[in-house]
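Reminder that position 157 of the sequence shown reads as 157 in the numbering used here, one-by-one numbering, no gaps. Positions of the beta carbon are idealized from the N, C-alpha and C atoms, including for glycine.
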Amino acid sequence: MGGTALAYYLNHRISEDIDIICDGPLPYKKIITNIQSIGGKKLRDENAVALRMAGLFPDEYMLKFDLHGVKLEFFRASTPLQKEILLDAKLNPYKNGLLQIPDVKSIAKLKIIALILRNKSRDLFDFHIILEKEILNTKEILAVCLETKQIDSLSSLHTFLEKKTEPKDDESVYLDENRPINFTFDEIKEKTLLSLACKVDTSA
Numbered sequence: 001m002g003g004t005a006l007a008y009y010l011n012h013r014i015s016e017d018i019d020i021i022c023d024g025p026l027p028y029k030k031i032i033t034n035i036q037s038i039g040g041k042k043l044r045d046e047n048a049v050a051l052r053m054a055g056l057f058p059d060e061y062m063l064k065f066d067l068h069g070v071k072l073e074f075f076r077a078s079t080p081l082q083k084e085i086l087l088d089a090k091l092n093p094y095k096n097g098l099l100q101i102p103d104v105k106s107i108a109k110l111k112i113i114a115l116i117l118r119n120k121s122r123d124l125f126d127f128h129i130i131l132e133k134e135i136l137n138t139k140e141i142l143a144v145c146l147e148t149k150q151i152d153s154l155s156s157l158h159t160f161l162e163k164k165t166e167p168k169d170d171e172s173v174y175l176d177e178n179r180p181i182n183f184t185f186d187e188i189k190e191k192t193l194l195s196l197a198c199k200v201d202t203s204a
């Protein structure tokens with residue numbers, strides 16, 4: 001779940017990786033066996049060293065695979081708020097299959113947590129669309145921001161996002177695989193700040 005799950009509902013951009021979140025320790029032995037049996041290759045996780053230094057076993061928290069060119073990630077919810085959102089989420093079956101996808105509001109809340117905790121163009125763009133399509137209201141947005149980083153107003157959120165800089169390992173954001181026009185980090189940031197500024201004006 002993540003950008004691909006949000007794109008499933010909103011069809012707002014191309015997302016080629018799959019993120020699966022779990023509210024407890026990952027059943028890593030089962031996951032590794034099953035993914036490798038269908039041709040997946042386990043990838044090194046850049047956070048593994050930090051987890052080991054904290055006395056934790058990395059595979060219980062994060063697993064990354066290359067599955068026939070698709071990046072597949074399993075990760076454990078790392079904050080109480082993430083766990084709460086997952087427990088409260090309404091799950092919908094994907095195309096009547098076994099895969100369960102959380103409702104769009106829950107995905108949007110998890111995306112805001114990601115936006116605050118890391119620095120990625122795709123998180124900024126997803127938040128821009130969440131604002132544009134009014135997936136969450138102002139109260140819902142600020143509730144997530146307050147619990148994640150003590151951001152208690154839209155203007156404070158605007159200031160926080162304004163300070164974000166382009167990461168070295170950023171990934172491209174494009175809307176149509178037939179017309180792969182990549183937006184720059186600054187273009188996405190400007191769009192997001194404009195959308196947020198509109199929210200600030202209407203709530204003032």
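Cβ pair residue i, residue j closer than 9 Å
i, j, result
"Asp152", "Leu142", "yes"
"Ile112", "Val144", "yes"
"Thr138", "Lys199", "yes"
"Ala114", "Asp103", "no"
"Ile18", "Gly39", "no"
"Lys149", "Ile116", "yes"
"Phe57", "Ile21", "no"
"Lys133", "His12", "yes"
Cross-strand partners of residue i (DSSP beta bridge)
i, result
"Phe75", "Ile21 and Met62"
"Asn92", "Ile101"
"Leu67", "Gly40 and Val70"
6 Å CB neighbourhood of residue i in its chain, flanking five on each side removed
i, result
"Glu147", "Leu81"
"Phe183", "Val173"
Residue i in three-state terms, based on DSSP
i, result
"Pro27", "coil"
"Pro167", "coil"
"Gly3", "helix"
"Thr138", "helix"
"Phe57", "coil"
"Glu158", "According to the sequence shown, residue 158 is His rather than Glu. Three-state result, His158: helix."
Residues near residue i by beta carbon distance below 7 Å, same chain, minus five either side
i, result
"Phe185", "Ser121, Glu166 and Asp170"
Contact set for residue i: own chain, Cβ-Cβ below 8 Å, skip 5 residues either direction
i, result
"Glu16", "Thr4, Val70 and Lys71"
"Ile188", "Ser121, Leu124, Phe125, His128 and Val173"
- Task: Would you be able to state if there are at least three C-beta pairs under 8 Å between the stretch 92-111 and the stretch 53-70?
- Result: Proximity of the stretch 53-70 to the stretch 92-111 falls short of the contact definition, fewer than three beta-carbon pairs being nearer than 8 Å.
- Is the number of C-beta pairs between the stretch 164-172 and the stretch 125-139 that are closer than 8 Å three or more? Taking 8 Å as the limit for Cβ pairs, the verdict is that the stretch 125-139 does not touch the stretch 164-172.
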